[in-house]
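Worksheet: the structure to be examined is printed underneath.
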Amino acid sequence: MTDTPTQLFIGGTWVDAADGATMPVDDPATGEILCHVADAGAKDTRLAEDAAVQAQEEWARTAPRARSEILRRAYEIILDRVDELAHLMTSEMGKPLPEARGEVAYAAEFFRWFSEEAVRIDGGAGILPDGRNRMLLSRRPVGPCLLITPWNFPLAMGTRKIGPAIAAGCTMILKPAPQTPLSSLALAAILKEAGLPDGVLNVVTTSRAGEVCEPLLRGGRIRKLSFTGSTQVGRILLAQSADAVVRTSMELGGNAPFLVFDDADLDVAVDGAMLAKMRNMGEACTAANRFFVHSSVAEEFGRRLAERMGALVVGPGTRDGVDVGPLIDATGRAKVEELVADAVERGAEVLVGGRTPEGPGCFYPPTVLAGVDPESRLMDTEIFGPVAAIVTFDDEDEVVRRANDTPWGLVGYVFTEGLDRALRVSERLEVGMVGLNTGLVSNPAAPFGGVKQSGLGREGGRVGIEEFLEYQYLAVPVR
Ligand code: NAP
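Just so you know, we're using our numbering here: the sequence shown kicks off at 1 and counts up by one.
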C-alpha cells in the first residue's frame, strides 16, 4: 500500500485536492479503512479538463506507432506486476486473489489489443458517382473524453476505455468509482512510466461525482463521454450530455436470462451457471440473473447447482483457498438480502445459502432459490450478488418471450445440444451478446455491449476504437 499513489493525477503530476479534501477507501472484507485518497472538487476537475484540452492537439498528431508502443509497454509493465495489482484490487474491492489476477491479465489484454489497433486506423478514397468529384476520408480522434467507471472491475473497466482512447489519439479524464480508486491511480502511474505524455490521461478521484462531472459534460470542451455503470445513472448522464451534444458510449446494467433446455448437457450447463453467476461474486453486469430451466430437468439442475455453490469457500479474498469474497459494501449486501427475503416470502425454496453470516465484512453466502415466483422482485432487478433464482418453463416460444420481457438486453445464455434450437433461440434473444453453452462472453477481441436499456455502442473488438474516432470527408473536384 505504501507505494500506491493517493493523490489526483493532473497534467502528469500528482497533486492534492485544491481544498485539501480526502476520502477513505475501505476494505470490504473487514470494514476497516485502508487509506485516504484525494477527494476532487469542481476546481480540480476543471484543472484536469484544462490539461486534457491543452494536450489534445499535439497528442492527436502523435504517430500511431508511438501511441501503440506506449500501450504495449504499459501492457508489459502490468503483466510484470500482476501480483501487486491483484493484491491492491482485492484489498479495495474484495474479489478473491485468483480472480483479481485474472482481471489484471484481462485488463492488460485491452492494452495489447488496442496497441495493435492503433496502427490500423484506416481512411478511404473514392471517385463519386458523378465521375468528377473525389472523396478522401480520414479518421480523427473525437477529442477530450470523460471516462466514468464502476467499482466491480476496477482495472479492466478502465483499460477497456483508456486503451482505445490512447490508440485513437484522444486525451481524457478518468473518474473511477469512489470505492475502488487505488487500481486506477496505480494504472495512471504505469502509463506515465510507459511514456504517456503529460495531460493525456488525468485521474480524478472524488466522492462528489455529480457535482464535478456535470459542468464537464455541459461545458462544451469535453467531446465524448464513455460511461460504465447503472442504467439509472446512465440516463442522467445522457440528459446532461445533450446540451453540448457530447458523443456517448454507455455500458449499462443487465438482467441476463440463462436458458437451460431439456436437451442440454447438464454438466456443461452447471459449469456455465457457476461462471455466469459466480464470477466476481455475482457482481457483474453479465451475471446470470434469471435461470429459466425446462421443467423436466429443473430439479436435477437445481440440485447439482446447489451442491456446487454450497461447496464454495466464503472469506476474505486475500486468504488462500477462498472462492467467494465479500460484497462491495453494506448497501450492496442489504439489497441482496431484501431480494432474497422477497422471493422467499413469495414461496421460493432455499436450496442452499440464504443466510447472512455473523461478523465483520460484507459477506453473503452462495445461494440457490428454486420455484421462484416470476413476480418476485429479483426477476426484474439486477441482484448483483451470489444468488441464483430458478424458474421453470415448458415451451420454447414462452421462454423466449419471458427472457425478452425486460427493459435490459446486455447478454443471454443458452444451453442446448440442438444446433437448430441454439441458432433459433440465440437470434430471437434481444441482447447484444449470447453465450452458447458457455457462461463467459467477455473477451477483448470481441465487441462487448448491450441493446435496449443496457447501453449504446460497443467496447473491445475491431469496433471499440470507432467509438473514439470521427470521420473527416474531404471533397476534391478534379478539373
Ligand atoms: P453506478 O452507481 O451507476 O456508478 C458508476 C459510476 O458512475 C461511479 O463511478 C459513480 O460514482 C458514477 N456516478 C454516479 N452518479 C454520477 C453522476 N451523477 N455523475 C457522474 N458520475 C456519476 O454503478 P456502480 O454501482 O458503480 O456499478 C454497478 C453497475 O454498473 C451495474 O448496474 C452494472 O450492471 C453496471 N456495469 C455495466 C457494465 C457493462 O459493461 N455494461 C460493466 C460493469 C458494470 P459514485 O459512486 O461516486 O456516484
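Glycine is no exception: its CB is placed at the ideal position from the N, C-alpha and C atoms. Treat the numbers as computed from the prediction; the structure is a model and nothing was measured.
- With three or more CB-CB distances shorter than 8 Å, the stretch 363-377 counts as touching the stretch 343-350.
- Counting only runs that start and end inside the stretch 230-256, the beta strand (DSSP E) elements of at least 3 residues fall at 247-251.
- DSSP lists Q472 as the beta-bridge partner residues of S138.
- Among the bridge pairs identified by DSSP, C145 is matched with M172, K224.
- Closer than 7 Å to some heavy atom of ligand 1: that does not describe the Cβ of I173.
- Your pair D243 and R223 does not check out as a contact, with CB atoms roughly 13 Å apart and the cut at 8 Å.
- Under the Cβ criterion (8 Å, minimum of three pairs), the stretch 144-155 does not count as touching the stretch 58-75.
- Closer than 7 Å to some heavy atom of ligand 1: that describes the Cβ of T149.
- Cβ-Cβ distances below 7 Å link P326 to P28, A29, G94, G361, C362, F363 in the same chain, with the five nearest sequence neighbours on each side left out; the list follows chain order.
- Take the alpha-carbon of R333 and the one of L474: they are about 55 Å apart.
- Relative to ligand 1, the nearest heavy atom lies less than 7 Å away from the CB of S454.
- In this model, G371 and L305 are separated by some 14 Å (Cα to Cα).
- Membership of D26 in the beta strand (DSSP E) is indicated by the continuous run 22-26.
- Following the DSSP letters along the chain, one finds W14 inside the beta strand (DSSP E) bounded by residues 13-15.
- Residue state for N437 is assigned as coil, using DSSP reduced to three classes.
- When the beta-carbon positions are compared, M172 and G457 stay at least 8 Å from each other.
- One alpha carbon belongs to G123, the other to L312, and they sit about 51 Å apart.
- Collapsing the DSSP output to three states places R65 in a helix.
- Going by beta carbons, D44 and L8 fall inside the 8 Å limit.
- One Cα belongs to L191, the other to L182, and the distance between them is close to 14 Å.
- Distance from the Cα of A156 is smallest, within the candidate group E459, E470, Q472, for E459.
- Excluding residues up to 5 positions away in sequence, E211, V212, P215 lie with their Cβ nearer than 7 Å to the Cβ of A42 in the same chain.
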